[in-house]
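Structure, as structure tokens:
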Amino acid sequence: MYLRDFYGKAIARIFVTESTVKIMTKETSLEDRFQQYVDGENKVEPKDWMPEAYRKTLIRQISQHAHSEVVGMLPEANWITRAPSLRRKVALLAKVQDEAGHGLYLYSAAETLGADRMDLIKDLLSGKAKYSSIFNYPTPTWADMGAIGWLVDGAAIANQVMLCRTSYGPYARAMVRICKEESFHQRQGYEIMMTLARGSEAQKKMAQDALNRWWWPSLMMFGPTDDHSPNSAQSMKWKIKRKSNDELRQEFIDKTVPQAEFLGLRVPDDALRWNEERGHYDHGEIDWEEFYNVIKGNGPCNKQRMDARNKAHDAGAWVREAANAYAAKQAQKKQSSAA
Ligand code: FAQ
7 MYLRDFYGKA
17 IARIFVTEST
27 VKIMTKETSL
37 EDRFQQYVDG
47 ENKVEPKDWM
57 PEAYRKTLIR
67 QISQHAHSEV
77 VGMLPEANWI
87 TRAPSLRRKV
97 ALLAKVQDEA
107 GHGLYLYSAA
117 ETLGADRMDL
127 IKDLLSGKAK
137 YSSIFNYPTP
147 TWADMGAIGW
157 LVDGAAIANQ
167 VMLCRTSYGP
177 YARAMVRICK
187 EESFHQRQGY
197 EIMMTLARGS
207 EAQKKMAQDA
217 LNRWWWPSLM
227 MFGPTDDHSP
237 NSAQSMKWKI
247 KRKSNDELRQ
257 EFIDKTVPQA
267 EFLGLRVPDD
277 ALRWNEERGH
287 YDHGEIDWEE
297 FYNVIKGNGP
307 CNKQRMDARN
317 KAHDAGAWVR
327 EAANAYAAKQ
337 AQKKQSSAA
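Start counting the sequence shown at 7; every next residue gets the next number (the working numbering).
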């Protein structure tokens, strides 16, 4: 006698003797079949069966990603009113609005996994949820707008191009759209750097100082080294992540160093040199103590960022109340017209 799954496939053989009922797994478990499905490069969709840990890992990663986009608006929003020309102001404003849009797609993608958006936001506002370490650094000069676009969006693209092929369908599709916008962001940042690097000595120094400030935090964006990354092995197996933290960091360095050379700027790493044998740049040691300190909440701007988000959330209470009241009124109208 066989036990069959809902597709009618035999998954176990049941032996009945006088004293025992023995179930022998003939085929694979649901977890194994899920793994085979993912190994076959199929996309997992919201209504498909998935292991609970897969669902939780995705909610964790997608919500952290959404929070990063939203908190990531703050360091640049700081410069919208002070952009040096109307053209720069329009471009920066559009970029910051794009980041808000990315946050919204990503919260929606997390909702397809059964997460409640308000719970996710509460976790961010209470300091329980993580967001990218990079957004806890200050932006004291206009050159920081160039460095963020060039380096931070550049690092985000390296990571997110990989995520366009992630195994969860709604996340992969959101990433395709987000990557297109991030490419525009990276170019607007690089163009700011190019203008400054070709400008006066003071402007060139401003660009170099910004590169000095953002280089190492940008490398930290990719997360801990592979041997200290507790989530990587399982996420790679499930094809949520397709490349490791170190692989992506190396790709970013290899791509970005020639861009710095083109600008005539110096990457602030004495150990940086091309390794002919490896076909990659070797680089100096990242200050992991600084990274862990920042993600624990002790970076230069963590408190400022959380205060700003909480203030914006409180100030938006009337919008949420009005939207809820409107939705309730519409539902009531629909109900009475149906009666
Ligand atoms: N900051 O085991 P792993 C952007 C945490 S979007 C803070 O390696 P995982 C756009 C990690 O969560 C930037 N925490 O973890 C923009 C985990 O903690 P948990 C955001 C970090 O998930 C540009 C622990 O360390 N992008 O920039 C960081 O396998 C300009 C152990 O690490 C994404 O979120 C960090 N840097 O790999 C916006 C992309 N790194 O949860 C505005 C999607 C690690 O166990 C302006 N996310 N941690 O307590 C990912 O690809 C992955 O989540 C990684 C981390 C690669 C970030």
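We put the CB at the ideal spot given by N, CA and C, even for glycine.
How is residue i classed by DSSP in three states: helix, strand or coil?
i: residue 196; result: helix
i: residue 218; result: helix
i: residue 69; result: helix
i: residue 246; result: coil
i: residue 92; result: helix
i: residue 6; result: For residue 6 there is no data in the structure shown, the boundaries of the chain being 7 and 345.
i: residue 308; result: helix
i: residue 298; result: helix
i: residue 268; result: helix
i: residue 258; result: helix
i: residue 179; result: helix
i: residue 60; result: helix
i: residue 343; result: helix
i: residue 230; result: coil
i: residue 322; result: coil
i: residue 204; result: coil
i: residue 274; result: coil
Quick check: the Cα distance between residue i and residue j, rounded to an integer number of angstroms?
i: residue 23; j: residue 39; result: Low per-residue confidence applies at residue 23: pLDDT is 48, beneath 50, and the placement is therefore not dependable, though the value from the model is reported in the following sentence. Taking the straight line joining both Cα atoms gives about 29 Å.
i: residue 225; j: residue 332; result: 46 Å
i: residue 118; j: residue 137; result: 20 Å
i: residue 189; j: residue 153; result: 14 Å
i: residue 192; j: residue 159; result: 5 Å
i: residue 336; j: residue 328; result: 12 Å
i: residue 227; j: residue 326; result: 33 Å
i: residue 318; j: residue 132; result: 14 Å
i: residue 209; j: residue 202; result: 5 Å
i: residue 223; j: residue 54; result: 38 Å
i: residue 279; j: residue 250; result: 22 Å
Sort out for me which residues DSSP pairs residue i with in a bridge.
i: residue 50; result: 174
i: residue 288; result: 279
Is it true that the CB of residue j sits closer than 8 Å to the CB of residue i?
i: residue 155; j: residue 195; result: yes
i: residue 216; j: residue 147; result: yes
i: residue 266; j: residue 213; result: no
i: residue 83; j: residue 102; result: yes
i: residue 50; j: residue 175; result: yes
i: residue 65; j: residue 121; result: yes
i: residue 140; j: residue 112; result: no
i: residue 221; j: residue 145; result: no
i: residue 43; j: residue 305; result: no
i: residue 161; j: residue 70; result: no
i: residue 173; j: residue 244; result: yes
i: residue 258; j: residue 164; result: yes
Note to self: List, from N- to C-terminal side, the alpha helix (DSSP H) runs of 4 residues or more that fit wholly inside the stretch 95-161.
What the structure shows: 123-131 and 149-153
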